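> Dropping a structure here in structure tokens format, bear with me for questions.
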Amino acid sequence: MKTLLLFCPILLSTMLSCRKDDPALNPEIAASQKIAALRDQFHGKYGVVSSVSSEAVDLNMDGVASTDLFQEIDILPFEKNYHFNVEVRIYGFHPLSAGPVYSFSQAWPEQYISLKSEQWAGGPGLDYDPALRIDFLRQGTSRLFRFAEDLKSLHVFPNDKENPYRWVKPESVTVDPIGRLVIVNKRYLYTKEGAKQVTITSVYERFTKET
Numbered sequence: 004m005k006t007l008l009l010f011c012p013i014l015l016s017t018m019l020s021c022r023k024d025d026p027a028l029n030p031e032i033a034a035s036q037k038i039a040a041l042r043d044q045f046h047g048k049y050g051v052v053s054s055v056s057s058e059a060v061d062l063n064m065d066g067v068a069s070t071d072l073f074q075e076i077d078i079l080p081f082e083k084n085y086h087f088n089v090e091v092r093i094y095g096f097h098p099l100s101a102g103p104v105y106s107f108s109q110a111w112p113e114q115y116i117s118l119k120s121e122q123w124a125g126g127p128g129l130d131y132d133p134a135l136r137i138d139f140l141r142q143g144t145s146r147l148f149r150f151a152e153d154l155k156s157l158h159v160f161p162n163d164k165e166n167p168y169r170w171v172k173p174e175s176v177t178v179d180p181i182g183r184l185v186i187v188n189k190r191y192l193y194t195k196e197g198a199k200q201v202t203i204t205s206v207y208e209r210f211t212k213e214t
């Protein structure tokens with residue numbers, strides 16, 4: 004009888020321990036495993052492998068308009084190493100946050116043009132002038148996002164004070180069948196026809212899991 008009584012507490016302790024370590028029964032373990040899986044699949048830096056505009060534009064002022072922005076913005080391609088990257092950061096639970104934190108940032112070659120009394124704001128209303136000098140600066144900003152339930156898209160949230168013309172929030176971010184990010188932005192570009200708004204679809208491929 005003593006042996007049986009001793010065995011019962013040991014068995015109960017073992018069962019409780021198994022329950023504690025079972026992700027299906029322990030929400031904290033399940034949540035941690037979910038974060039680890041998301042980090043493995045998405046966390047890291049992504050380089051741009053293609054970028055096309057909704058209509059042909061002449062950004063390099065060579066007289067030939069193209070939808071291929073790699074042709075129009077020489078420093079844009081990933082292999083040029085100007086770091087026009089996308090970063091996806093996935094952080095687990097933290098005492099200062101109510102849950103996991105998902106951060107998205109996209110660097111882009113923003114056009115800057117000095118006018119007589121000010122800098123071009125990046126929006127409509129600027130006519131073509133061959134005397135104007137165009138500088139490209141790598142800029143971007145971070146925003147929070149959430150995943151769709153099927154993990155096939157990212158919903159990027161706007162910041163409190165968005166600039167309507169610069170560092171624009173993506174219209175959409177989707178995940179293609181091989182894990183690349185397909186990002187759609189609406190941007191104003193200064194072209195040989197003046198400033199115009201176009202829709203740009205860029206594809207980014209992860210090259211490192213480090214951020």
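No gaps in the numbering here: position 173 of the sequence shown is 176 in the numbering used here, and each next residue is one more.
Even glycine gets a Cβ: it sits at the ideal position worked out from N, Cα and C.
Predicted model only: the values in this text are computed from it and were never measured.
Using the Cβ count rule (16 or more neighbours within 10 Å means buried), how would you classify Phe45?
Looking at its Cβ environment, which holds 16 or more other Cβ atoms inside 10 Å, Phe45 is buried.
> Rounded to the nearest angstrom, what separates Lys199 and Val89 at their Cα positions?
Approximately 24 Å between the Cα atoms of the pair.
> From the DSSP secondary-structure annotation, give me the bridge partner or partners of Ala198.
In DSSP, Ala198 forms a bridge with Tyr193.
> How many Å lie between Ile93 and Val176 at the Cα?
Using only the alpha carbons, I get a separation of about 16 Å.
> Using the Cα positions of Leu14 and Thr204, report the straight-line distance between them to the nearest angstrom.
Bear in mind that a pLDDT of 46 at Leu14, under 50, signals an unreliable position, so the number given afterwards is only what the model happens to contain. C-alpha separation (whole angstroms): 60 Å.
> Does the beta-carbon distance from Leu140 to Glu113 come in below 8 Å?
Going by C-beta atoms, Leu140 is nearer than 8 Å to Glu113.
> Give every residue of the same chain whose Cβ lies closer than 6 Å to the Cβ of Ile181, excluding the five residues on either side of it in the sequence, and list them in chain order.
Nothing listed; no residue qualifies.
> Rounding to the nearest angstrom, what Cα-Cα distance links Gln36 and Tyr191 in this structure?
One C-alpha to the other measures close to 42 Å.
> Should Leu8 be labelled buried (16 or more other beta-carbon atoms within 10 Å of its own) or exposed?
Below a pLDDT of 50, predicted positions are generally treated as unreliable, and Leu8, at 44, falls in that range; the measurement from the model is reported next regardless. So Leu8 ends up on the exposed side.
> Can you tell me which residues form a DSSP beta bridge with Leu140?
In DSSP, Leu140 forms a bridge with Glu113.
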